[in-house]
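Beneath this line is the structure, given in structure tokens, with notes to follow.
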Amino acid sequence: MTQDSLQARPRLVGDIGGTNARFAWQAHAQAPLECVETLPCQDYPQLQQAVEAYLERIGRERPAQAALGLANPVTGDWIQMTNNHWAFSIEALRQGLGLHKLAIYNDFSALALALPTLREDELLHLGGGPALPDAARALIGPGTGLGVSGLLPQPGGGWRALESEGGHATLCASTEREWRVLSQLQRRFGHASAERVLSGPGLVWTYEALCAMDDCPVRFTQPPELADAALAQADAQASEALALFFGFLGAMAGNLALTLGARGGVYLGGGVLPRMAGALRQSAFMERFLAKGRMRPLLETMPVYLITAQESPALRGMALALA
0 MTQDSLQARP RLVGDIGGTN ARFAWQAHAQ APLECVETLP CQDYPQLQQA
50 VEAYLERIGR ERPAQAALGL ANPVTGDWIQ MTNNHWAFSI EALRQGLGLH
100 KLAIYNDFSA LALALPTLRE DELLHLGGGP ALPDAARALI GPGTGLGVSG
150 LLPQPGGGWR ALESEGGHAT LCASTEREWR VLSQLQRRFG HASAERVLSG
200 PGLVWTYEAL CAMDDCPVRF TQPPELADAA LAQADAQASE ALALFFGFLG
250 AMAGNLALTL GARGGVYLGG GVLPRMAGAL RQSAFMERFL AKGRMRPLLE
300 TMPVYLITAQ ESPALRGMAL ALA
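In numbering that gives the first Met the number 0, the protein residues as written are 0 to 322.
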């Protein structure tokens, strides 16, 4: 099958996280995404079964090619997902699904590819700006893990998405309290990475560290109930855990912005932040983002956005990757 004929055939795109798998069907390369659905990863023994269940539910023509973004490094044929139980061979999955082509990307690389497609009504401006249209863009976002990527302009036009595992970089403290939390996490996990704080599970681990430090009982074990208690100011340690979360996130986002020279904007993605946008705006996030000494004036020029799109933009990124 030629590339031109393949582009005219139906395609499957997916955004696979640690908790949920989101899929969409596309009739051909220029067609809109249709039949967007979200399936819980825990309901399926492997990714192939989840894809088959999705295709059976939508009842459309079988795709000829697919592009999937995974919350995982992609370094070869074998994929062992970091934050869920799925493991598979890319080639075996392609054959099992009867696809002519299967492309696998890191999920935040997929989201990075979609950044130029985001509309104003899909973004919440948190500070800085205006963006330089042809400058690098930074992307970071907590979910089941912590995704990190960026988008770099290419000399001949277009963009290149970074494939990064920056969520596993070592997290640094700026206050005595933060240092004590990171010490607790280091003793518990051996390495206090950014993801150990800046993720849904990380919010719980931070809260548990604070409870141990303050010698008080652990009342919450799930991220949603903990976040609700923090937002309602119903528990001192829960509220402090969320405050630390926002502060650490601002510091990490500032580091990434300086590393990439992100004059095109810093974007916050992932599934956690849109549900607490108000608290994020009132938190220390922006101050910690800017608190880089002599580089503060540079960071003040960089626009910071929270991605609020209802449909996963990573699905658009995967469609662009196939095109």
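Backbone N, C-alpha and C fix where the C-beta goes; we use that ideal spot for every residue, glycine too.
Check your understanding: Around the Cβ of residue 294, are there at least 16 other Cβ atoms within 10 angstroms (buried) or fewer (exposed)?
Key -> Sequence index remark: in the sequence shown, residue 294 carries index 295 (1-based). Exposed, because fewer than 16 other Cβ atoms sit within 10 Å of the Cβ of residue 294.
Exercise for review: Look at the alpha carbon of residue 278 and the alpha carbon of residue 306, and state the distance between them as a whole number of angstroms.
Suggested key: Counting from 1 along the sequence shown, the entry for residue 278 is found at position 279. Counting from 1 along the sequence shown, the entry for residue 306 is found at position 307. Near 15 angstroms, if we compare the C-alpha coordinates of residue 306 and residue 278.
Review point. Start and end of the beta strand (DSSP E) containing residue 56?
Key: In the sequence shown, counting from the first residue as 1, residue 56 sits at position 57. Note, residue 56: premise wrong, no beta strand (DSSP E); alpha helix (DSSP H) at 46-57.
Check your understanding: What three-state label does DSSP hand residue 210 in the structure shown?
Key -> Here residue 210 is taken as the residue at index 211 of the sequence shown, counted from 1. Note: residue 210 maps to helix in three-state DSSP.
Practice item. Write down the C-beta distance between residue 283 and residue 137 rounded to the nearest angstrom, noting that I regard them as a contact closer than 8 angstroms. Key: Translated into positions along the sequence shown, residue 283 becomes position 284. Translated into positions along the sequence shown, residue 137 becomes position 138. A Cβ-Cβ separation of about 19 angstroms leaves residue 283 out of contact with residue 137 under the 8 angstroms criterion.
Check your understanding: Rounded C-beta distance between residue 323 and residue 142? I'm assuming under 8 angstroms.
Key -> No answer is possible for residue 323: it lies beyond the span of the chain, which begins at 0 and ends at 322.
Review point. CB-CB under 8 angstroms to residue 253, same chain, minus the five flanking residues each way: which ones, in chain order?
Key: Counting from 1 along the sequence shown, the entry for residue 253 is found at position 254. Residues 287, 288, 289, 290, 291 and 298 of the same chain have their beta carbon placed closer than 8 angstroms to that of residue 253, with the five preceding and five following residues left out of the count.
Check your understanding: Got a sec? Which residues, its chain only, sit under 7 angstroms from residue 311 by beta carbon, not counting five neighbours each side?
Key -> Position 312 of the sequence shown, counted from the first residue, corresponds to residue 311. So the qualifying residues of the chain are 14 and 21.
**Study point:** Cutoff 7 angstroms; reference residue 271; Cβ partners in own chain excluding five residues on either side
**Key:** The residue labelled residue 271 in the question sits at position 272 within the sequence shown. The answer, listed in chain order, is 141, 142 and 199.
Point to revise | Three-state secondary structure assigned by DSSP to residue 22 | key: The sequence position of residue 22 within the sequence shown is 23, counting from 1. DSSP places residue 22 in strand when its eight states are reduced to three.
Point to revise | Rounded Cβ spacing between residue 165 and residue 144 (contact assumed at less than 8 angstroms) | key: Counting from one through the sequence shown, the residue named residue 165 turns up at place 166. Counting from one through the sequence shown, the residue named residue 144 turns up at place 145. Incorrect: roughly 11 angstroms between the Cβ atoms, too far for contact.
Check your understanding: If you follow the beta strand (DSSP E) that residue 152 is part of, which residue opens it and which one closes it?
Key -> Numbered from its first residue, the sequence shown carries residue 152 at position 153. Looking at the DSSP string, the run of the beta strand (DSSP E) that includes residue 152 is 145-152.
Review point. Roughly how many whole angstroms lie between the Cα atoms of residue 112 and residue 319?
Key: On the sequence shown, position 113 is the one that residue 112 refers to. On the sequence shown, position 320 is the one that residue 319 refers to. A straight line joining the alpha-carbon of residue 112 with that of residue 319 spans about 7 angstroms.
Check your understanding: Out of 177, 204, 197 and 178, which has the shortest C-alpha to C-alpha gap to residue 188?
Key -> Counted from its first residue, the sequence shown places residue 188 at position 189. For the residues 177, 204, 197 and 178, the minimum Cα distance to residue 188 belongs to 204.
Check your understanding: From which residue to which residue does the beta strand (DSSP E) around residue 64 run?
Key -> In the sequence shown, counting from the first residue as 1, residue 64 sits at position 65. From DSSP, the beta strand (DSSP E) with residue 64 extends over 64-69.
Check your understanding: Around the Cβ of residue 40, are there at least 16 other Cβ atoms within 10 angstroms (buried) or fewer (exposed)?
Key -> Residue 40 sits at position 41 when you count from the first residue of the sequence shown. By the C-beta density criterion, residue 40 is buried, having at least 16 other C-beta atoms within 10 angstroms.
Practice item. Throw me the rounded Cβ distance for the residue 62 and residue 129 pair, which I believe falls under 8 angstroms. Key: Within the sequence shown, numbered from 1, the residue matching residue 62 stands at position 63. Within the sequence shown, numbered from 1, the residue matching residue 129 stands at position 130. In this structure residue 62 does not touch residue 129 by the C-beta definition: roughly 39 angstroms separates them, more than the 8 angstroms allowed.
Practice item. Classify residue 37 as helix, strand or coil using the three-state DSSP reduction. Key: Along the sequence shown, read from residue 1 onward, the residue named residue 37 stands at position 38. Strand.
Exercise for review: Could you tell me the boundaries of the beta strand (DSSP E) in which residue 159 lies?
Suggested key: Here residue 159 refers to the residue found at position 160 of the sequence shown. Residues 158-160.
Point to revise | According to DSSP, residues forming a beta bridge with residue 266 | key: For the purposes of this step, residue 266 is identified with residue 267 of the sequence shown, where counting begins at 1. For residue 266, which the question treats as bridged, DSSP gives the partners 138 and 304.
Exercise for review: Find the nearest neighbour of residue 336 within the set 155, 232, 124 and 151, judged by alpha-carbon distance.
Suggested key: Since the displayed the chain opens at 0 and closes at 322, residue 336 lies outside it and no answer follows.
Review point. Taking 7 angstroms as the CB-CB cut-off, is residue 253 touching chain B?
Key: This model lacks chain B altogether; it includes just one protein chain.
Point to revise | Beta-carbon proximity list for residue 68, same chain, < 6 angstroms, skipping 5 on both sides | key: The count along the sequence shown starts at 1 and reaches residue 68 at position 69. Within the same chain, residue 68 has close Cβ partners 14, 104, 106, 109, 313 and 317.
Practice item. Taking 8 angstroms as the threshold, find out whether the segment 91-104 comes into contact with the segment 226-243 through three or more Cβ pairs. Key: No, the segment 91-104 does not touch the segment 226-243.
Point to revise | When 36, 44 and 65 are compared against residue 322, the one with the closest alpha-carbon | key: To locate residue 322, count along the sequence shown from 1; it is residue 323. Looking only at 36, 44 and 65, the smallest Cα-Cα distance to residue 322 is reached by 65.
Exercise for review: Locate the alpha helix (DSSP H) running through residue 295, then write down its first and last residues.
Suggested key: By one-based count along the sequence shown, residue 295 stands at place 296. 295-299 is the span of the alpha helix (DSSP H), which, as asked, contains residue 295.
Point to revise | For residue 87, the three-state DSSP class (helix, strand or coil) | key: Translated into positions along the sequence shown, residue 87 becomes position 88. Note: residue 87 maps to strand in three-state DSSP.
**Study point:** Which listed residue (239, 212, 215 and 213) has its alpha carbon closest to that of residue 325
**Key:** Absent from the structure is residue 325, since the part of the chain shown begins at 0 and ends at 322.
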